[in-house]
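Each remark here refers to the structure printed beneath this line.
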Amino acid sequence: MKNWMKGWGILWAVVVLGGCASSRDVQILDGEIYKLQSQWSQIQKERNSLKMESEAFQKETQKELSAQRNESQRAQADLLLRLENLQSELRVLSTGIEEYKEFAKKPSKEIDRVREDIVLRTRILEEREKNLEGKNKALEDRSKALEEWNRGLEDRSKVLEERNRGLEDRLKGLEGKMEKIISKAAESEKAVSAKEAPPEIKGVSAAVGDLYKDAYETYQKGDLEGARRKFEAFLKQYPNTELSDNAQFWIGETYYLKKDFEKAILEYEKAIAKYPEGDKIPAALFKQALAFQELGDKTNARNLLKRVIERYPQSDQAEMAKKKLETIK
Numbered sequence: 027m028k029n030w031m032k033g034w035g036i037l038w039a040v041v042v043l044g045g046c047a048s049s050r051d052v053q054i055l056d057g058e059i060y061k062l063q064s065q066w067s068q069i070q071k072e073r074n075s076l077k078m079e080s081e082a083f084q085k086e087t088q089k090e091l092s093a094q095r096n097e098s099q100r101a102q103a104d105l106l107l108r109l110e111n112l113q114s115e116l117r118v119l120s121t122g123i124e125e126y127k128e129f130a131k132k133p134s135k136e137i138d139r140v141r142e143d144i145v146l147r148t149r150i151l152e153e154r155e156k157n158l159e160g161k162n163k164a165l166e167d168r169s170k171a172l173e174e175w176n177r178g179l180e181d182r183s184k185v186l187e188e189r190n191r192g193l194e195d196r197l198k199g200l201e202g203k204m205e206k207i208i209s210k211a212a213e214s215e216k217a218v219s220a221k222e223a224p225p226e227i228k229g230v231s232a233a234v235g236d237l238y239k240d241a242y243e244t245y246q247k248g249d250l251e252g253a254r255r256k257f258e259a260f261l262k263q264y265p266n267t268e269l270s271d272n273a274q275f276w277i278g279e280t281y282y283l284k285k286d287f288e289k290a291i292l293e294y295e296k297a298i299a300k301y302p303e304g305d306k307i308p309a310a311l312f313k314q315a316l317a318f319q320e321l322g323d324k325t326n327a328r329n330l331l332k333r334v335i336e337r338y339p340q341s342d343q344a345e346m347a348k349k350k351l352e353t354i355k
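Residue numbers (the numbering used here): 27 to 355.
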């Protein structure tokens, strides 16, 4: 659906730039399509940014959870080891008590020594028990903090999901609006084409006009290769008529729509160089700028757009060039 819409959008922009329709409604629709394309680009950028943020957030979450899990496992293992030591000490103490009972039957000095030994061991065990209680409490506090942190992660994840759903809804709305406008534009173009021949045909001889019209109608049907051959044949037969600059321009357009931007630039240049007085020069300069931008040459693109604005300030392409310059950084 998106590729189909983009294809229609490009074809419609080409038709408007080339002056194939004289209807005011078609020009207004072209402006709407241009604005929607800008909104589309902005939403896609925001969506990609949100996706990158979500991926980074998930990586950060996994890393933190892994660290917390390892720490918790180490703390539990340490606690179990200490409990085992405490149990061992208790067994030793129990054995000592039994020994004390045996020593109780012996002289008092030996009994006192055993008693002191038992008291010392008891104190050591009490200290160790306190330490274990402190570590156990710290582990519980750490577990609670981890639970709070996990809840925070869940809340943040919900926020990201809401933002993503909002972007999806905006994209769907934009797709629907785009589809309606392009459909309306196509209907308007068909209506205009059905009512009148290409405006540039008026005022020329029937033979010249018929040959040009045949090539132009082939182009409108989407047969770019066939249209190019017919326009080239027209130029070979009529290289210096009022329609020759138009035919040369449309040859450039067939390459542009095929995304062969380098050849398109060369063909537009022929229209500019061979027919300096032709009415297609603003459109050819503007489309050259777009082709350079597609090739990643922003410098030439900007220079050509400025040239359109400075030399042809009253043309439709001058207004579009101003808007396009704002998007090229």
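We treat Cβ as the ideally placed atom computed from N, Cα and C, and that holds for glycine.
Let's see if you can read the secondary structure: which residues bound the alpha helix (DSSP H) around residue 332? 324 to 337
Original post:
For residue 116, which residues from the same chain have a beta carbon less than 8 Å from its beta carbon, with the 5 sequence-adjacent residues on both sides left out?
Top reply: 151
- Given that a residue counts as buried once 16 or more other Cβ atoms are within 10 Å of its Cβ, and exposed if not, what is residue 157? exposed
Limits of the unbroken alpha helix (DSSP H) element including residue 351 = 342 to 353
* Please list, in chain order, all residues of the same chain as residue 105 whose beta carbon is under 8 Å from its beta carbon, the five residues on each side excluded. => 158, 161, 162 and 165
Between 322, 323, 91 and 280, which has its C-alpha nearest residue 310's C-alpha?
280
**Request:** Rounded to whole angstroms, what's the CA-CA distance from residue 145 to residue 153? Just pull it up for me.
**Result:** 12 Å
Quiz item: Does the distance from the C-beta atom of residue 87 to that of residue 179 stay below 8 Å?
Solution: yes
| query | For residue 179, which of helix, strand or coil comes out of DSSP? | reply | helix
* Asked: With DSSP run on the structure shown, which of helix, strand or coil describes residue 231?
  -> coil
Quiz item: Are the beta-carbon atoms of residue 278 and residue 253 separated by less than 8 Å?
Solution: no
Return the CA-CA distance between residue 265 and residue 257, expressed in angstroms with no decimal places. 11 Å
query: So, using beta-carbon positions, are residue 271 and residue 304 closer together than 8 Å?
result: yes
| request: Given a cut-off of 8 Å, decide if residue 189 and residue 283 are closer than it, judged by their beta-carbon atoms. | output: no
For residue 267, the first and last residue of its enclosing alpha helix (DSSP H) = Taken as a continuous stretch (DSSP letters only), residue 267 belongs to no alpha helix (DSSP H), as it is neither H nor E.
Going by alpha carbons, who is nearest to residue 196 out of 66, 61 and 54? 66
Alpha helix (DSSP H) segment containing residue 292, residue limits:
287 to 300
Notebook entry, point to check: What whole-angstrom Cβ distance do residue 182 and residue 83 have, given they're in contact under 8 Å?
Noted result: 7 Å
#### Entry: Start-end ranges of the alpha helix (DSSP H) lying completely within the segment 59 to 134, minimum 4 residues
none
My guess is that residue 315 and residue 330 are in contact by the Cβ rule of under 8 Å, so how many angstroms apart are they, rounded?
4 Å
Inset, instruction - Give a yes or no on whether the C-beta atoms belonging to residue 186 and residue 72 are separated by under 8 Å. - result: no
If you reduce the DSSP assignment to three classes, tell me which class residue 304 lands in. coil
| query | Is residue 291 near residue 317, with beta carbons less than 8 Å apart? | reply | yes
So, using beta-carbon positions, are residue 306 and residue 275 closer together than 8 Å?
yes
(Q) Mapping the DSSP letters down to three states, classify residue 154 as helix, strand or coil. (A) helix
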